[in-house]
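Residues 0 to 189 (numbering that gives the first Met the number 0) are what the sequence shown spells out, left to right. Report on the structure given below.
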Amino acid sequence: MLNIILFGAPGCGKGTQAQRLAEHYDLYHISTGEVIRSEIARGTELGRSMEGYISRGELAPDSIVVEMVRDYMSTHSDKGCIFDGFPRTTAQAEIFDTMLQEIDSKVDVMIFMDVPEQELVKRILLRGKDSGRKDDASEEVIRNRIEIYRQQTAIVADHYTKQQKYSEINGLGTMDEVFERLCKVIDSKR
Numbered sequence: 000m001l002n003i004i005l006f007g008a009p010g011c012g013k014g015t016q017a018q019r020l021a022e023h024y025d026l027y028h029i030s031t032g033e034v035i036r037s038e039i040a041r042g043t044e045l046g047r048s049m050e051g052y053i054s055r056g057e058l059a060p061d062s063i064v065v066e067m068v069r070d071y072m073s074t075h076s077d078k079g080c081i082f083d084g085f086p087r088t089t090a091q092a093e094i095f096d097t098m099l100q101e102i103d104s105k106v107d108v109m110i111f112m113d114v115p116e117q118e119l120v121k122r123i124l125l126r127g128k129d130s131g132r133k134d135d136a137s138e139e140v141i142r143n144r145i146e147i148y149r150q151q152t153a154i155v156a157d158h159y160t161k162q163q164k165y166s167e168i169n170g171l172g173t174m175d176e177v178f179e180r181l182c183k184v185i186d187s188k189r
């Protein structure tokens, strides 16, 4: 089974490309952000506990996010997955590796989508106009999300670099151009 992590700062296009890649390679698409936003919209206990973190642009606690992924994977184990927005911390990556080993699986590749900060802010503000997402509407919250990404999430790349599973692509260009770059990396790892 093929397991892919799409990695990059908020607004780099992970969600858009993950959906396309999931269809192209017949993978489950696991977006922790979407799961959390869905839980908030439904008013669940998990959603209520997460709402404050999300509205401030902060990362959700590792234990909650890992448990969400574990629950999803336990019911979707018949094919590989593309992970969008997970893992976001080194602790999550380490727990995730152990979890995959327990089910005789592994991460095949982590692909970093590189996009300059000004473009990220521009993309997220545009997305915020259409999506209605509170965390996309304020430039201050967006910049906070990017800063948290730099401080806490970017270091996850080191974890997968040490395992020789890290690749990087230019995340600028049309959706089709970025998709082709991603497919080229994935196909080289199969």
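Where a beta carbon is used, it is the ideal one built from N, C-alpha and C, also for glycine.
How many angstroms separate the CA atom of residue 58 from the CA atom of residue 52? 6 Å
Residues sharing a beta bridge with residue 110, DSSP: 5, 166
What residue range is occupied by the uninterrupted beta strand (DSSP E) comprising residue 29? 27-30
Buried or exposed (CB count within 10 angstroms, at least 16 for buried), residue 2: buried
Is residue 182 helix, strand or coil by DSSP? helix
Does the stretch 57-73 come within contact of the stretch 30-42, defined as at least 3 CB pairs closer than 8 Å? yes
Count the other C-beta atoms from every protein chain shown that fall within 10 angstroms of the C-beta of residue 43, then say buried if there are 16 or more, exposed otherwise. exposed
Taking the beta strand (DSSP E) that residue 96 falls in, what are its first and last residues? Premise fails: residue 96 lies in the alpha helix (DSSP H), 89-101, not in any beta strand (DSSP E).
Based on the DSSP output, what are the partners of residue 81 in its beta bridges? 3, 28
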